[in-house]
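Line by line, the protein sequences give chains A and B.
Numbers given in the working numbering equal positions in the first sequence, counted from 1, plus 1.
Numbers given in the working numbering equal positions in the second sequence, counted from 1, plus 1.
Heads up, the beta-carbon is just placed ideally off N, CA and C, and yes, glycines get one too.
As the structure is a computational prediction, the values presented were derived from the model and not from experiment.
This report concerns only the one structure given below.
There are 2 protein chains.
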Amino acid sequence: MATATQYLQTKAQAAKAASRVLAKSGTEVKNKALGNIADALKSREAEILAANAEDYAKAKASGMSESMLDRLMLNSQRLTGIAADVRSIIQLPDPVGESFDVRILPNGIQLGKRRVPLGVIASIYESRPNVTIDISALCLKSGNAAILRGGHESVRSSSTLANIVRDSIEKAGLPADAVQYVDNPDRDLVNQMLKMRDYIDLLIPRGSESLIKFVRDNATMAVVAGGIGVCHTYVDASADLMKAKDIVFNAKVQRPTVCNALDTIIVHNKIAKQYLPMVGVELAKAGVEMHCDERSMMILASQPDLKLKPAVADDWGKEFLALTAAVKVVDSLDEALKHIETYGSGHSEAIITEDYSSAMRFLDEVDAAAVYVNASTRFTDGSQFGLGAEVGISTQKMHARGPMGLRELTSYKWIVMGTGQVRPG
Amino acid sequence: MATATQYLQTKAQAAKAASRVLAKSGTEVKNKALGNIADALKSREAEILAANAEDYAKAKASGMSESMLDRLMLNSQRLTGIAADVRSIIQLPDPVGESFDVRILPNGIQLGKRRVPLGVIASIYESRPNVTIDISALCLKSGNAAILRGGHESVRSSSTLANIVRDSIEKAGLPADAVQYVDNPDRDLVNQMLKMRDYIDLLIPRGSESLIKFVRDNATMAVVAGGIGVCHTYVDASADLMKAKDIVFNAKVQRPTVCNALDTIIVHNKIAKQYLPMVGVELAKAGVEMHCDERSMMILASQPDLKLKPAVADDWGKEFLALTAAVKVVDSLDEALKHIETYGSGHSEAIITEDYSSAMRFLDEVDAAAVYVNASTRFTDGSQFGLGAEVGISTQKMHARGPMGLRELTSYKWIVMGTGQVRPG
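Rendered as structure tokens:
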């Protein structure tokens, strides 16, 4: 029996070899493989759902929370949605081979950049089995091989899906090895993956803050980490309060469990007395609990039907992922900017204002992947930003920032076409 | 007395604070600071040369090699050259603030990216004190703060230069703390720098392969490593042999101690008998020693006046940085590609050919930062590629590949300007 190390090494070598074939493969054959995946998600639905039912039963018996169980669960409708996402990736332009920055140098050399795949992309993620399809499909379209390690609670679902992907790739005439699923439960394999710089070009951790921190601290290859969003919306003294109400409500309530949802409402004191009760009643109707600083509590405490708690120190800079919002009153834009600089995670930050200078200063000074004026932070998303799909949202500055789509899974090479040029002494 | 850790922490905090000011500073004031640096390199020449003379004397006494001593040495002419390089950076466009990928989304949001500095860039480098000015100037222009740690043998020169930079920055009205020079000789400080992810956004190691490997293995922040170039030039069966002779000669001889110099000549057997003696005699005249595989040795052994040695296994994939070239005869383009894949370092690779299909295959299949047809690999360089200057040459695929100029020292943020948009359910 192969040891866990040999097992992983074999998969990594196979992925690397397949990545070379994939890098040279044209758009048509890659789209064919994607079409096969979408078809198979429906034609092999029974197999997928049976594997998922096993995962689900085991997770439920182990006491997994309802929200986690919901993330794990697949059904016919969800598979249809996943298949539709794969088909939408077929429609996206292939980033590989794009030429850019092309020019003729004074010495006659034609110089330019050509977009190329990164090579092998590994991802370590938790729970949701659809990530297995999303990342496989995006890697495939961008000419990269993938090594996937999902959560142990979804291992049957994800390895079934990975097998379907491999079959689909092979049916299109590409190497099945382009997608490798690490189904060996040995936890030490994650540590080993982090050291495989010779095989893995980019590692994308998706999941809890502790997972992401562990990966960043220990990986020897490039890591694009993201997915942690502590998002503030600052309602300026000059804000249109109706817009501010709708935007804050949307940012908090529309989908509270995701990284671009609002965490902290910052309100200028000039409009706090008018604004906070307005938005508070709407939020309360949607079940939002407000963790208020002293000044906002003074304003809101007398209002009926609100869910209020005094804010504690931990509420600032916290990603709630739930129907909870911290609330703070400030005396100035400067104070709001300072708070965001201190507590923001560099994901998405918004100002609601009708004041031109405040808007410009906010855009200039906030250091985050996405900086908003008068819109909901819920838009920070590959599909909303027109990338079609995303492997994740980068909160770092290197390589790619914000939603990462197909282009962000590529690098480039310089193409130098001469007619005999040499460099003068 | 502050401990070494406190010393480094203080510098890092100061750099981070200064980086925030620099990020908001306009092109004019940054160019003013650059102009001050160029002026001071001449007006304070005596001070610089005195510090350098001390470094030089100490290095010479310790038995440093002539080539290393030459790299360490500054004189009036070299300072004039360094000042001219700084002035050329003034002429380059400021990358910060550039807007790109701007568009109006169907919901009316104006979405785009705005180029921003990375923040704090640290560099660990060896010997050459001019790197202190180069990196300071490029970081300054791109709105980044810099933390610099040069080799201990150049500490007097580099810290004098860094002081001049700091004075020049301050005179322009910007924070001197934007450039920090780590002159404390404690070697453990390098280890500590590698763990300062909260302060350092990008680390650029420049120097020996062992330094670069150590940094990549131990750094917790993003690293752009490069500077190791094992460069092949493949002379195809269809090559114009005169072009091939000039290009190979230039790539090997014009400046043999740098990373884009030729290391291995690969020759197709069909033209080897004609080509190798032609190029061999030229290379020998320039003092080049050829390390020949069996087939090239058979062809060249009878030629007079050549410097030949049988190649050993270590010659393949070796960066010679000297007047030495490995020579190999192959039977096909495939064999050449395989050799390059096995032994290349992903820096610069060239084919000399008049065959269209061979040229296209080489461009497609070689995985390197710069891939050449019919030109010398010596062109892989920021100034030759039109970037004006470079902090280094990346041989990795993430963030930037090949010569890294000002733009490669930036990131971007997404700018989202709305009029009240919320995300629909």
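Within 10 angstroms of the beta-carbon of phenylalanine 363(B) lie 16 or more other beta-carbons, which makes it buried.
Beta-bridge partners of isoleucine 105(B) (DSSP): Gln111(B).
Residue nearest to isoleucine 136(B) within the set Met399(B), Thr420(B), Ser159(B), Val117(B) is Ser159(B) (criterion: CA-CA distance).
One thing to note: isoleucine 49(B) has its Cβ no nearer than 9 Å to the Cβ of leucine 93(B).
Residue contact check for serine 169(B) against chain A: no CB pair falls below 9 Å.
Assignment of beta strand (DSSP E) within the stretch 330–378 of chain A, counting only whole runs of 3 or more residues, yields 349–353, 371–376 in chain order. The beta carbons of lysine 414(B) and arginine 115(B) sit closer together than 9 Å. A straight line joining the alpha-carbon of leucine 175(A) with that of aspartate 168(A) spans about 10 Å. Shown here for lysine 17(B): same chain residues with a beta carbon closer than 6 Å to its own, the five before and five after excluded, namely Val121, Tyr200 in chain order. The beta carbon of glutamate 409(A) sits closer than 6 Å to those of Ala401, all from its chain and outside the five residues before and after it, given in chain order. Sequence-distant Cβ neighbours of proline 118(A) in its own chain, meaning closer than 8 Å and more than five residues away, are Ser20, Leu23, Ala24, Val97, Ser143, Gly144, Asn145, Leu410, Thr411, Ser412. In the DSSP annotation of this structure, the continuous segment of the beta strand (DSSP E) that includes lysine 414(A) starts and ends at 411–422. No Cβ-Cβ contact shorter than 9 Å links serine 346(B) with threonine 378(B). Of all residues in the stretch 257–270 of chain B, none comes within less than 8 Å of chain A when Cβ atoms are compared.
When rounded, the separation of the alpha-carbon atoms in valine 417(B) and glutamine 7(A) is 48 Å.
Relative to the Cα of cysteine 293(B), the nearest Cα in the group Ile266(B), Gln255(B), Asn270(B), Gly152(B) belongs to Ile266(B). The C-beta of aspartate 335(A) comes no closer than 9 Å to any C-beta of chain B. Residues of the stretch 369–393 of chain B with a C-beta atom less than 9 Å from some C-beta of chain A are Ala369, Ala370, Ala371, Val372, Tyr373, Val374, Asn375, Ala376, Ser377, Thr378, Arg379, Phe380, Thr381, Asp382, Gln385, Phe386, Gly387, listed in chain order.
Taking C-beta atoms under 8 Å as the contact rule, glycine 113(B) and serine 100(B) qualify, at a distance of about 5 Å. In the DSSP assignment, alanine 19(B) falls within the unbroken alpha helix (DSSP H) covering 5–24. Close CB contacts of serine 239(A) within its chain, under the 8 Å cut and outside five residues either way in sequence, are with Thr354, Glu355, Asp356, Ser359 (chain order). At a beta-carbon threshold of 7 Å, the residues of chain A lying near tyrosine 413(B) are Arg402, ordered along the chain. Look at glutamine 78(A) here: in three-state DSSP terms it is helix.
Burial check for glutamate 295(A): the Cβ neighbour count within 10 Å stays below 16, so the residue is exposed.
The alpha-carbon of alanine 13(B) is positioned some 48 Å away from that of methionine 361(B). Per DSSP, reduced to three states, the secondary structure at glutamate 29(B) is helical. Counting C-beta atoms within 10 angstroms of its own C-beta, serine 303(A) has fewer than 16 neighbours from the protein chains shown and is therefore classed as exposed.
Legend: CB atoms of the stretch 72–103 of chain A lying less than 8 Å from CB atoms of chain B are not found in any residue. A straight-line Cα-Cα distance of about 10 Å links threonine 11(B) and glutamine 181(B). Using a Cβ-Cβ cut-off of 7 Å, arginine 157(B) is close to nothing in chain A; its nearest Cβ partner there is about 32 Å away. Residue state for cysteine 140(B) is assigned as helix, using DSSP reduced to three classes. At the C-beta level, arginine 198(B) and asparagine 53(B) stay beyond 9 Å of one another.
In the three-state reduction of the DSSP assignment, tyrosine 276(A) falls in the helix class. Short of 6 Å from the beta carbon of aspartate 316(B), and not among the five residues preceding or following it, lie these beta carbons of its own chain, in chain order: His292, Ala327. Listed by position along chain A, the residues whose Cβ is nearer than 9 Å to that of isoleucine 248(B) are Gly419, Gly421, Gln422, Val423. The closest CA to that of cysteine 232(B), considering only Asn185(B), Asp95(B), Ile205(B), His340(B), is found on His340(B).
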